[in-house]
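Student: Under this note's numbering, the first residue of the sequence shown carries the number 56, and numbering increases by one thereafter.
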Amino acid sequence: MSAAWSGLQRDERGSVLLLGIGMIVVGILAVAVAVDVSAAFLQRRALMSLGDSAALAGAQSIDLDSYYANGASIGTRLSPVAVASAARRQVGIARGSDEIAIESITTDGVTVRVRLSEPLRLPFFGSLRSDRVRIESSARLDYRTAP
56 MSAAWSGLQR DERGSVLLLG IGMIVVGILA VAVAVDVSAA FLQRRALMSL
106 GDSAALAGAQ SIDLDSYYAN GASIGTRLSP VAVASAARRQ VGIARGSDEI
156 AIESITTDGV TVRVRLSEPL RLPFFGSLRS DRVRIESSAR LDYRTAP
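Laid out in structure tokens, this is it:
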């Protein structure tokens, strides 16, 4: 009986070690995924902030000739050339990365829309993908006269 019991103990030896190693690997993977998700969220948030500041800079580019002639009224419009210039300048000033691309800057005279993108940079799993993932942010600001 003791020979059978000692054989059973030898079969189970090391199984706790394997279980422990497996749990450590799962824990490390969970931390890596959490860090990558947080990095993606923070990068998107920074890009959205840059898009907001570019739209705000563009929305402050009113048609000065119309403004000086008519004052702040419904007829006061945004100058498309000045909007694009101001938004591009703002992105250039605040740009933290040379990989930020301005997809579009549009205005209909009242609203400014800015689209930016940049490749997603992940600390742990970024090298596993061969294609480049882009993040887009859009912001808009309406120019309205005070009531």
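Ideal Cβ placement from N, Cα and C applies to all residues, glycine included.
Comparing the CB of residue 80 with every heavy atom of the ligand PLP, is any distance shorter than 7 Å?
Tutor: By its list of ligands, the structure shown contains no ligand whatsoever, and the ligand PLP lies outside what it can speak to.
Student: Looking at the secondary structure, which residues open and close the alpha helix (DSSP H) in which residue 79 lies?
Tutor: First-last of the alpha helix (DSSP H) with residue 79: 70-114.
Student: Determine the closest residue to residue 171 out of 183, 180, 147, 181, with distance taken between C-alpha atoms.
Tutor: The residue with the shortest Cα to Cα distance from residue 171 is 147.
Student: To the nearest angstrom, report how far apart residue 115 and residue 140 are at their CA atoms.
Tutor: Answer to the nearest angstrom: the Cα atoms are 11 Å apart.
Student: Check whether the Cβ atoms of residue 145 and residue 109 lie closer than 8 Å to each other.
Tutor: Cβ atoms of residue 145 and residue 109: closer than 8 Å.
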